[in-house]
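>
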Amino acid sequence: MTTMTIDPVCSDPIRINPIRWCDDALELLDQRVLPERQELLRITSADDAAKAISDMVVRGAPAIRIAAAYGVVLAAQGRTGPAWHDQLKEAIDHLGASRPTAVNLFWALSRMSTVIDEYRHEPRPPVAALLEMARTIHTRDKTDNLTLGRLGSELIAREGQCSVMTHCNTGALATGGHGTALGVIRSAWAKGLITRVHVNETRPWLQGARLTAWELQQEGIPAVLAVDSAASLLMASGEIGWLIVGADRIAANGDVANKIGTYALAVQARHHGVKVMVVAPVSTFDLSLESGATIPIETRDARELTHQGERAVAPKGIEVFNPVFDVTPATLIDAIVCEHGVIETPERGSIARLLA
Ligand code: MRU
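If you want our numbering, it's the 1-based position in the sequence shown plus 46.
#1: Helix, strand or coil: which one does DSSP assign to GLN314?
#2: Kindly indicate which three-state DSSP category LYS305 falls into: helix, strand or coil?
#3: Using a Cβ-based criterion (distance less than 8 Å to any ligand heavy atom), does THR226 qualify as near the ligand MRU?
#4: Does the segment 182-189 come within contact of the segment 230-241, defined as at least 3 CB pairs closer than 8 Å?
#5: Compute the Euclidean distance between the alpha carbons of ASP294 and VAL302, then round it to the nearest angstrom.
#6: Unbroken alpha helix (DSSP H) runs of length 4 or more, entirely within the segment 248-275: which are they?
#7: Could you check whether GLU285 and SER199 sit closer than 9 Å to each other, using their CB atoms as the reference points?
#8: Using DSSP bridges, identify the partner residues of PRO369.
#9: Note down the Cα distance separating SER278 from HIS318, rounded to an integer number of angstroms.
#10: CA-CA distance, LYS321 and ILE290?
#11: Sorry if obvious, but does the Cβ on PRO171 come closer than 8 Å to a heavy atom of the ligand MRU?
#12: Check whether the segment 111-122 touches the segment 136-152, counting contact only when three or more Cβ pairs, one atom from each stretch, lie closer than 8 Å.
#13: Where does HIS386 fall in DSSP's three states?
#14: Taking the straight line between their C-alpha atoms, what separation do you get for HIS386 and VAL328?
#15: For THR293, is the beta carbon positioned less than 8 Å from some heavy atom of the ligand MRU?
#16: Does the segment 337-344 touch the segment 261-278, meaning 3 or more C-beta pairs lie closer than 8 Å?
#17: Sorry if obvious, but does the Cβ on LYS97 come closer than 8 Å to a heavy atom of the ligand MRU?
#18: Does the Cβ of GLY198 lie closer than 8 Å to at least one heavy atom of the ligand MRU?
#19: Counting only the same chain and skipping the five closest in sequence on each side, list residues whose C-beta sits under 6 Å from that of LEU351.
#20: Residue ranges of each alpha helix (DSSP H) run of no fewer than 4 residues wholly in the segment 59-122, ordered along the chain?
#21: Please indicate yes or no: does the CB of TRP288 lie closer than 8 Å to some heavy atom of the ligand MRU?
#22: Is ARG66 near LEU86, with beta carbons less than 9 Å apart?
#23: Check whether the Cβ atoms of GLY222 and ILE112 sit closer than 9 Å, and answer yes or no.
#24: Compute the beta-carbon to beta-carbon distance between PRO64 and VAL104, rounded to the nearest angstrom, for a pair I have assumed lies under 8 Å.
#25: Do THR330 and ALA148 have their CB atoms nearer than 9 Å?
#26: Is the segment 176-186 touching the segment 153-161 in the sense that three or more CB pairs, one from each, lie closer than 8 Å?
#27: Is there at least one non-hydrogen atom of the ligand MRU closer than 8 Å to the beta-carbon of CYS384?
#28: Between the Cα of SER275 and those of TRP288, LEU311 and ALA269, spot the shortest distance and give me the residue it belongs to.
#29: Going by DSSP, what residues sit across from GLN354 in a beta bridge?
#30: Using a Cβ-Cβ cutoff of less than 7 Å, which residues in the same chain neighbour TRP288 once the five nearest sequence positions on both sides are dropped?
#31: If I measure Cβ to Cβ from LEU378 and keep anything under 7 Å in the same chain, skipping five residues before and after, which residues do I get?
#32: According to DSSP, simplified to helix, strand and coil, what is ARG170?
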């Protein structure tokens, strides 16, 4: 992996593309160092692509799937010999083990796997066909997000102009562009439907403070950053019309796994009469799971809680619980927006009908 610093004078941050395929390599905007620095990591192997996903160089369910798809292309490049098919399947397994909760990752790997299987009798891997599939996943993500933006902003228009609250980062950085929940916010802002955006800092990794606040600031969308625990106070003010969030996996009954804290926010929203909108591409649905109870929840390093940078903020040896996602029951969700349409008051039947 090599690191390149982007010259902030030459680059327009709004147009910064967090995932690029350039000269046979994958380039990722390193989200671990934003907003302080804009650095690109140049990745030339599938192993490094898997490491970049697990280390959160790239994060957010749709972005993870795009990076993993390009990771398969990296695994295929330069490979020859009769074992190429098995070697690529191994690379897919390795990429699939990088993060467990976002089902979009497995969706993309399954598409890449289908291409590999089509060419299994060829003497070498189908690099061009794999690259075409990865590019399609990438570009389609952005166009789908524009649809999500339109559909979600129509819902906001129906209820009237308001402030909104969002959690984590679901913007251009987390996707192929525009964003899912943040894409709805962008689209609604452009239509004059949003007065301001309340951004939760999103402990412990601070996706809200570091990434969402940065994205909104680049575009001059009024944003206010607050600690996660200010949410009830803000909702009680009556100013917030919608809580708008993304998703990492949605079960057949509409339960939604998303960034830790989403469940608490949805409970608070229901109490205060704030509507809850979940915005996610169709690849986020996992109809093989009856409910959210069996969604695998990733836990991450204790250090995310015990340290702030190099400084210890908890006693050495303390036991730590650091789940990075939780599951919001469908009953707390007013609408799920996907590129096929809007599912209001989601439940098994309405989800099945829209996805059929
Ligand atoms: O741990 P992260 O930063 O990958 O978590 C991201 C989220 O929870 C997002 O809300 C979700 O992936 C949707 S991103 C469009």
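Virtual Cβ for every residue (Gly too), placed ideally from N, Cα, C.
This is what the structure gives:
#1: Reduced to three states, the DSSP call for GLN314 is helix.
#2: Strand, per DSSP.
#3: yes
#4: Below 8 Å, too few C-beta pairs join the segment 182-189 and the segment 230-241 to call them touching: fewer than three.
#5: For ASP294 and VAL302, the distance between alpha carbons rounds to 8 Å.
#6: 259-264
#7: no
#8: THR345
#9: 8 Å
#10: About 8 Å.
#11: no
#12: yes
#13: coil
#14: 7 Å
#15: One detail in the question is off: residue 293 reads as Ala in this sequence, not Thr. ALA293: yes, Cβ under 8 Å from the ligand MRU.
#16: no
#17: Proximity of the beta carbon of LYS97 to the ligand MRU is not indicated: no heavy atom of the ligand is located closer than 8 Å.
#18: no
#19: PRO250, VAL366 and ASN368
#20: 92-100 and 107-122
#21: Not under cutoff, so the answer is no.
#22: yes
#23: yes
#24: 7 Å
#25: THR330 places its beta carbon less than 9 Å from that of ALA148.
#26: Look at the beta carbons and you see the segment 153-161 touching the segment 176-186: at least three pairs across the two are nearer than 8 Å.
#27: no
#28: Among TRP288, LEU311 and ALA269, the Cα nearest to that of SER275 belongs to LEU311.
#29: The partner list for GLN354 (beta bridge, DSSP) reads ARG357.
#30: Correct list, in chain order: ILE202, CYS208, VAL210, VAL320, LYS321 and MET323.
#31: Cβ-Cβ distances below 7 Å link LEU378 to ALA312, VAL313, ARG316 and VAL322 in the same chain, with the five nearest sequence neighbours on each side left out; the list follows chain order.
#32: Reduced to three states, the DSSP call for ARG170 is coil.
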